[in-house]
Amino acid sequence: METRKVGSHTINIQRFNSVIVGAGAAGMNCAVHLYEFMRDKKVKNPGSRIAVVTRGIGLGASRMSGSDKQTYYKIGTSPNVPDSAVEFSKSLTAAGCCHGDLALAEGINSLREFYHLVQLGVPFPHDPMGSYIGYKTDHDPYERATSAGPKTSRFMSECLQAQAEKYGINIFDDQEVVQLLSIGSGSSKRLTGVVTLDKNKSKGSDFTLNVYLCRNLVLAAGGPGELYETTVYPKGQVGIHGLAFEAGLAAENLTESQFGLASIKFRWNVSGTYMQVVPWIFSTDANGGDEQEFLTRFFPTMSKMATNIFLKGYQWPFDPQKIENLQSSLIDVLVFNETQKGRRVFMDFRQNPVPGLSMKEFDLNDLEQEALTYLTNTGAMQSTPIERLKHMNPLAIDIYKENGIDLYTEPLEIAVCAQHNNGGFAVNRWWESNIPGTFIIGEMAGTHGVKRQGGSALNAGQTGGLRAAEYIVNVYGPDPCDYDDRLIEEQLKICVEKLEKMVSSRSPLMPGKVMKDIRRRMTTSAGHIRQLDDARSALADALGLYRSIESDGFQLGDKADMVDAVLARHLSLASVGYLKAIVTLFSQDSGSRGSHLVLADDGTEIHPDVIDKATGKPLRFKPENTKLRSSILRIEYDSSKSDLFRTTNVEPRPLPTERKAFEPAWRDYIEGKIYSG
Ligand SMILES: Cc1cc2nc3c(=O)[nH]c(=O)nc-3n(C[C@H](O)[C@H](O)[C@H](O)COP(=O)(O)OP(=O)(O)OC[C@H]3O[C@@H](n4cnc5c(N)ncnc54)[C@H](O)[C@@H]3O)c2cc1C
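The opening position of the sequence shown corresponds to residue 3 in the numbering used here, with each subsequent residue numbered one higher.
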């Protein structure tokens, strides 16, 4: 380790071939594959050439999030249902704005990565003949989904971490990324590593910096969960979107965040069996009193209402195209409606849905055919939801018990929460960003389109790590970096000065309050229900906040420290980017799509009884402008612009159709030509 003195700070510097930011399922997988590709090329001590840097090894969505049976979406492995990578990629691209080459790569590599996880010990279930059993997930016409239970992604990252440790890969925990370092400009720009605040050695306004220099940078810092107030992302999942924007990385489809019903005391998705067992859903006042039925008023029969609750299981994300004519996403709208009135909404597994005035009592046999067949086939015809849940998926009960909630004795509070960003930073077919040598994988990469199949995030994260690792080792090679120290020193000096300036006792801004304001603004104006004028004014407010931070910095007060200030600053820039993308998409006349609904006075009625408080008339939404399915909104930071970002539209790249015969394809492989496309 080298050290460098900058002002009064001693900075530790380490050099690697590849640095991966993020220790989730995507980051750890890339580290493991980098090692394996280097080892296969007889590179000495591969582990010492690779570093994983993270703000918390136990943090992030992979470690801390899940659902009733967290899903991994791969090519079908049923012995009697044929599937192919092309069919798979057609499913991924069906709702538009998704690059065909990425979708095909995710299809082709899905089984390789799935079996890689199986080999590492992730307990995906198989039948006596060895078939990995599948089921149907959101937006999935086949049974391609599988699961290792509520904690699939946790098992994935734990197994991958164990392998990374076996390989001797360096893992640096408790490192908060402060800046991405770079050299060069324009097309010769390269990102050369990261500067981190050592969380264990930074207190108040004192800080200790570490530098991890590299030839190849892999960003796997996950989605920007902390952007939202109503969210099921785990606490502390911040991401580094603001820093990546500043470093010059282009993003795509940022508007396409996913929202859905989740429990909020313990953050967990209530998809799958939680809904398929058809629990009672009711609301209370803010103190838990005044219990009320609120769904019954909107459905003509118990059968319709109960079937829609069931369907939320595998139509989990809020989908504006599933609202009209009493479809399942009407439930999300109605839950949101209640919470907007200051009421709280609960699911109760001890009781079946309670009928409204003119409704029949709940009877499982009255469910519509799809629901009844499913419950009959799974033998889940017990008399209460908790018994049905215990029968179908006892682990779904245990996960709440482990987290202090007993579904046998108490109801579960829920809300419509931000859960995932289908968009993210732009990558090519090797998951390389617009800056050569920098790769983006996992949720930080914008590889999904407007909609995605449940489980495809985990597959995309694994595929991205594999592809990036293969390209790095075969094209850029395994050597550590050898940058001229002077180039780095200048940037370190600027970085330290910036951090010192970021704190001023005269500033009116406190990091905690700033983050709270950002979260409230994003949930209100960039959540699942959006409106043009509101988004415009939110963008103006977000910009104003960012500019104040840049000019005045923060006062830390007693509670905050440098880490909070750094986070609040880059989250603030990220929120400007997201809002700019939303406002730009509106200006292209986008309408409601993916997982957000756009309100419009002249649009389609949501339901005659869902009323706009301002006008007393039914709320209406603008349908999707389907022409935009072939146009991806791309956004890049540009400090010369009044709102700091420039946007362009790009066409989705098509599905590659070239297929070579074995011998020429073999030659391309041997000669390394496969990496030139
Ligand atoms: C409740 C819930 C349920 C889900 N269910 C499914 C599902 O069933 N199927 C599916 O495919 N997907 C699902 N997802 C999405 C999926 O879990 C995530 O997209 C995926 O786990 C992301 O993995 P990742 O490795 O990209 O990032 P993460 O696992 O989020 O890891 C990010 C890493 O980066 C680090 N990091 C973050 N910010 C910083 C920073 N500022 N500085 C340094 N390090 C940083 C973190 O500490 C962590 O190590 C779900 C998500 C949620 C929230």
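Glycine included, every Cβ here is placed at the ideal spot set by N, Cα and C.
These numbers come from a predicted model, not from an experiment.
Under DSSP, residue 595 forms a beta bridge with 598.
The shortest C-alpha to C-alpha distance from residue 471 to any of 557, 677 and 590 is the one to 677.
Taking non-hydrogen atoms of ligand 1 into account, the C-beta of residue 446 is found less than 7 Å away from one of them.
When 121, 303, 411 and 219 are compared, the shortest CA-CA separation from residue 370 is found for 303.
Within its own chain, the residues whose Cβ lies closer than 6 Å to the Cβ of residue 314, once the five positions on either side in sequence are excluded, are 277, 330 and 333, listed in chain order. For residue 234, the distance from the CB to the nearest heavy atom of ligand 1 is below 7 Å. Secondary structure at residue 288: coil, using DSSP grouped into helix, strand and coil. Rounded to whole angstroms, residue 459 and residue 157 show a C-alpha spacing of 15 Å. Around the beta carbon of residue 589, fewer than 16 other beta carbons lie within 10 angstroms, which makes this residue exposed.
DSSP, reduced to helix, strand and coil, places residue 381 outside both helices and strands of the structure shown, so it counts as coil. In this structure, DSSP gives residue 101 a state outside helix and strand, which the three-state scheme calls coil.
Less than 8 Å separates the beta-carbon of residue 306 from that of residue 328. Per DSSP, the unbroken beta strand (DSSP E) holding residue 193 starts and ends at 192-200. At a threshold of 7 Å, residue 93 does not count as near ligand 1, since its beta carbon sits no closer than that to any of the ligand's heavy atoms.
A heavy atom of ligand 1 is found nearer than 7 Å to the CB of residue 65.
Residue pairing by DSSP places residue 298 in no beta bridge whatsoever. Under the three-state reduction of DSSP output, residue 387 falls in the helix class. Taking a contact as a CB-CB distance under 8 Å, the pair residue 451 and residue 97 counts as one, their CB atoms being some 6 Å apart. Residue environment analysis places residue 20 among the buried positions, since at least 16 neighbouring C-beta atoms fall within 10 angstroms of its C-beta. For residue 163, the uninterrupted alpha helix (DSSP H) run begins and ends at 154-168, by DSSP. Residue nearest to residue 436 within the set 192, 510 and 366 is 192 (criterion: CA-CA distance).
The Cβ-Cβ distance between residue 620 and residue 605 does not fall below 8 Å. Annotation note: the stretch 30-114 contains the following uninterrupted beta strand (DSSP E) runs of length 3 or greater, listed N- to C-terminal: 52-55 and 73-75.
Using a Cβ distance threshold of 8 Å, residue 580 and residue 251 do not count as a contacting pair. Taking the C-beta atoms as reference points, residue 347 is found nearer than 8 Å to residue 283. Under the DSSP assignment, residue 538 falls in the alpha helix (DSSP H) whose first and last residues are 534-554. With 16 or more other CB atoms across the displayed protein chains lying within 10 angstroms of its CB, residue 220 is buried.
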